[in-house]
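Student:
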Amino acid sequence: MSNDRLIIIGSGLAGYNLAKELRRLQSKRPIDIFTLDDGSFYSKPMLSNALAKQKTPGDLPMQTAAQFALQFNVTIHPHTPIKHIDTTQKTAYTQKHAFEYQDLVFAVGAKARSLDQVCSEVKAPTFTVNCLSDYVLFRQHLDKLQAQKAVKVLLVGGGLIGCEFANDLAQAGAKVSVVDIQNRCMANQLPPVLSHTLQQALESLGVEFHWSTALHQVIEQHKAEQTYITATTKTGHTLGPVDLVLCAIGLEPHITLAKECGLVVTRGIKVDQTLQGSQDHIYALGDCACVNGLMYQFVLPLMACVRALAKTLNGSTTPVSYPPMPIVVKTPICPLVITPPAPNVNGGHWEYEKPKQEDQSIDQKALFKDASGTLQGFALMGRYTIEKNQLIKQLPPLL
Amino acid sequence: MRKWQCIVCGFIYDESEGLPEEGLEPGTPWDQVPDDWVCPDCGVGKVDFEMVEVE
Chain A
165 MSNDRLIIIG SGLAGYNLAK ELRRLQSKRP IDIFTLDDGS FYSKPMLSNA LAKQKTPGDL
225 PMQTAAQFAL QFNVTIHPHT PIKHIDTTQK TAYTQKHAFE YQDLVFAVGA KARSLDQVCS
285 EVKAPTFTVN CLSDYVLFRQ HLDKLQAQKA VKVLLVGGGL IGCEFANDLA QAGAKVSVVD
345 IQNRCMANQL PPVLSHTLQQ ALESLGVEFH WSTALHQVIE QHKAEQTYIT ATTKTGHTLG
405 PVDLVLCAIG LEPHITLAKE CGLVVTRGIK VDQTLQGSQD HIYALGDCAC VNGLMYQFVL
465 PLMACVRALA KTLNGSTTPV SYPPMPIVVK TPICPLVITP PAPNVNGGHW EYEKPKQEDQ
525 SIDQKALFKD ASGTLQGFAL MGRYTIEKNQ LIKQLPPLL
Chain B
-16 MRKWQCIVCG FIYDESEGLP EEGLEPGTPW DQVPDDWVCP DCGVGKVDFE MVEVE
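Chains as they are written, first to last, in this note's numbering: chain A, 165 to 563; chain B, -16 to 38.
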């Protein structure tokens, strides 16, 4: 057997794009990819606006595992968990087989936090969406209900993904109620004025918001052959009845396997700027990795890591650098692009642009300045989103 | 010739280079890239690309 085998655990954007990038660099080393799902290659960013784009879950895969394996000359092991890794012997074990490797990459991603982590009593089916198979289940249920009636959705979480889903579901005709422990839309990323503007835009689609609200109980009930779900808040109020519950309260990196192999794990798998973990020949990238203390769970940083790590694994050690990275929020009712300040920026404040006479209510611009007055981030809405490229040039790199 | 960049993942489509492996010959202008074409890296649609300055 070949001694320069690369093992990649995970077939999401991180794992598959790493394999593609290595082949783009003409790397001929054998690559084995292990995945828990069927290994189809799809775009995760499409999941939170698939309804608006009139996509069914079946439309989303770009390639099957077999097509990907053939095109990029890799071996894919679908539905095959890695059970154990012996980092001294450089061997990974599945249920039945052992695979020696030269290098091993964790591209295992994260899982959506489930409702029972924030709500003490959950006695109803609830959905989270962080991968295509989640989305298939969610859409099957939603489409079935939508064929019968106008669907009422309780959406737990008013952050970035919650707002994207609220927009997508409301535009598709669902009656959406958002509930969040925080007191405004995207509270961790937006200044208050823009949170309010986004909320008003979503309200124009019929979305309702319940802020500063913790859930105590979510229960499914049956009455006259109807099934519905009600929620009780910690202050004793009742929300609903609704037909389905979708939960978008953040991600938790998959760290169990990494911990079991003795790797240092903080919030994610701890790696340095070359994406190497606390042991030689082990790397991590994407939603599971904490790169130099930074945990960014979106696609631009992931791709920056893919491009750097492919070079490293092809023989030329390359530290990743993060340019300032704007996030385009998929809320078409209120176009929005944000570049939040880096976590190590101390102090600072948001400055709002005064509205001009020709501005509509969604035309908003806010700049984040640090204590010395240097631009460190921005949030642009409506027609101001076109200023993104101009502003991004003024921001310092993140890493 | 212009360049177009995926705003989700940073992939760049360079009109002068095209993408021969996807059947787009060098010199294929953006408006002749099919509407159902998707970013080869992250899979978002043509609408998620924007023009970038040629460096």
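Here a beta-carbon is modelled for each residue, glycine too, at the ideal position from N, C-alpha and C.
All of these numbers come straight from a predicted model, not from anything done at the bench.
#1: Are the beta-carbon atoms of VAL286/A and ASP407/A separated by less than 7 Å?
#2: Can you tell which of LEU211/A, PHE270/A, ILE171/A, ARG193/A has the C-alpha that lies nearest to the C-alpha of LEU427/A?
#3: GLY26/B touches chain A at which residues, Cβ-Cβ below 7 Å?
#4: Using three-state DSSP, classify THR11/B as helix, strand or coil.
#5: With distances taken from CA atoms, which of GLN381/A, GLN312/A, LEU186/A, MET467/A is nearest VAL238/A?
#6: LEU362/A and LEU500/A look like a contact to me (Cβ under 8 Å); what is the Cβ gap, rounded to whole Å?
#7: Apply the 10 Å Cβ neighbour rule to LEU170/A and answer buried if 16 or more other Cβ atoms are within range, or exposed otherwise.
#8: Assuming LEU132/A is part of the beta strand (DSSP E), what are its boundary residues?
#9: State buried or exposed for MET165/A, treating a residue as buried only when at least 16 other CB atoms are found within 10 Å of its CB.
#10: I'd like to know if LEU177/A contacts chain C, where contact means its C-beta is closer than 7 Å to some C-beta of that chain.
#11: Counting only beta-carbon separations shorter than 7 Å, does VAL429/A have a partner in chain B?
#12: Answer yes or no: does any C-beta atom of chain A fall closer than 7 Å to that of VAL16/B?
#13: If PRO465/A sits next to MET489/A, beta carbons under 8 Å apart, how far is it from one beta carbon to the other, in whole angstroms?
#14: Just to confirm before moving on: does the CB-CB distance between ILE195/A and ALA178/A stay below 7 Å?
#15: Would you mind working out which of PRO225/A, PRO221/A, GLN190/A, GLY203/A sits nearest CYS22/B, comparing C-alpha positions?
#16: At which residues does the beta strand (DSSP E) containing GLY541/A begin and terminate?
#17: So if I threshold CB-CB distances at 9 Å, which residues from the region 458 to 472 of chain A count as touching chain B?
#18: Is there contact between the region 238 to 256 of chain A and the region 291 to 310 of chain A, where contact requires at least three CB pairs shorter than 8 Å?
#19: Compare the C-alpha of GLU522/A against each of GLU515/A, ARG547/A, PRO496/A and name the closest.
#20: Which value, in whole angstroms, describes the spacing of the CA atoms of PRO9/B and ALA262/A?
#21: Could you check whether the region 442 to 450 of chain A touches the region 418 to 432 of chain A, counting it as contact only if at least three pairs of C-beta atoms, one from each stretch, sit closer than 8 Å?
#22: Contact between the region 353 to 373 of chain A and the region 389 to 402 of chain A: three or more CB pairs below 8 Å?
#23: Name the DSSP bridge partner or partners of ASP123/A?
#24: Does ILE(-10)/B have its Cβ less than 7 Å from a Cβ in chain A?
#25: Can you tell me whether VAL30/B is buried or exposed, with buried defined as 16 or more other CB within 10 angstroms of its CB?
#26: Can you tell me the Cα-Cα spacing of GLY541/A and ASP168/A, whole angstroms?
#27: Any contact of the region 211 to 222 of chain A with the region 321 to 336 of chain A, i.e. 3+ C-beta pairs under 8 Å?
#28: Cβ of HIS242/A within 7 Å of Cβ of GLY273/A?
#29: Excluding the 5 residues preceding and the 5 following ARG277/A in the sequence, name in chain order all residues of the same chain whose CB lies nearer than 6 Å to its CB.
#30: Less than 7 Å between the beta carbons of PRO245/A and LEU306/A, yes or no?
#31: Going by Cα to Cα distance, which pick from GLU384/A, GLN381/A, LYS557/A, SER536/A is closest to VAL35/B?
#32: Taking only runs that begin and end inside the region 366 to 427 of chain A, name each unbroken alpha helix (DSSP H) of 4 or more residues, in chain order.
#33: For LEU234/A, count neighbouring Cβ atoms within 10 angstroms of its own Cβ and tell me buried if that reaches 16, exposed if not.
#34: Using the beta-carbon of each residue, which ones in chain A are nearer than 7 Å to GLY(-7)/B?
#35: Among VAL(-9)/B, TRP(-13)/B, CYS(-8)/B, GLY(-7)/B, which one has its Cα closest to the Cα of SER(-1)/B?
#36: Starting from the beta carbon of ASN181/A, find every residue of chain B whose beta carbon is closer than 7 Å, and list them in chain order.
Tutor: With the given structure in hand:
#1: Judged by their CB atoms, VAL286/A and ASP407/A are not nearer to each other than the 7 Å cut-off.
#2: PHE270/A
#3: TYR206, SER207, MET210, MET226
#4: coil
#5: The shortest CA-to-CA distance from VAL238/A to any of GLN381/A, GLN312/A, LEU186/A, MET467/A is the one to LEU186/A.
#6: 7 Å
#7: buried
#8: Nothing in the structure corresponds to residue 132/A, since chain A is present only between 165 and 563.
#9: Residue placement at MET165/A is poorly supported in this model, since its pLDDT is 49, which falls under 50; the coordinates still yield a value, given next. Exposed: under 16 other Cβ atoms inside 10 Å.
#10: Here the protein chains are A and B, and chain C is not one of them.
#11: no
#12: With a threshold of 7 Å between beta carbons, VAL16/B makes no contact with chain A.
#13: Correct: roughly 6 Å between the Cβ atoms.
#14: no
#15: PRO225/A
#16: 539 to 545
#17: Those residues of the region 458 to 472 of chain A that come within reach of chain B (Cβ to Cβ, closer than 9 Å) are PHE462, VAL463, LEU464, LEU466, MET467, ALA468, VAL470, ARG471.
#18: With a cut-off of 8 Å, the region 291 to 310 of chain A and the region 238 to 256 of chain A do not count as touching, because too few Cβ pairs lie within range.
#19: ARG547/A
#20: Cα-Cα distance, rounded: 45 Å.
#21: yes
#22: no
#23: As shown, chain A starts at 165 and ends at 563. That puts residue 123/A outside it, with no answer to give.
#24: Under the Cβ criterion of 7 Å, ILE(-10)/B is counted among the residues facing chain A.
#25: exposed
#26: 43 Å
#27: By the Cβ rule, the region 211 to 222 of chain A counts as touching the region 321 to 336 of chain A, because three or more pairs are nearer than 8 Å.
#28: For the record, residue 242/A in the displayed sequence is Pro; it is not His. No. Outside cutoff.
#29: ILE413, GLY414, GLU416
#30: no
#31: LYS557/A
#32: 420 to 424
#33: exposed
#34: LEU464, MET467
#35: Restricting attention to VAL(-9)/B, TRP(-13)/B, CYS(-8)/B, GLY(-7)/B, the CA atom closest to the CA of SER(-1)/B is found in TRP(-13)/B.
#36: Those are ASP24, listed as they occur along chain B.
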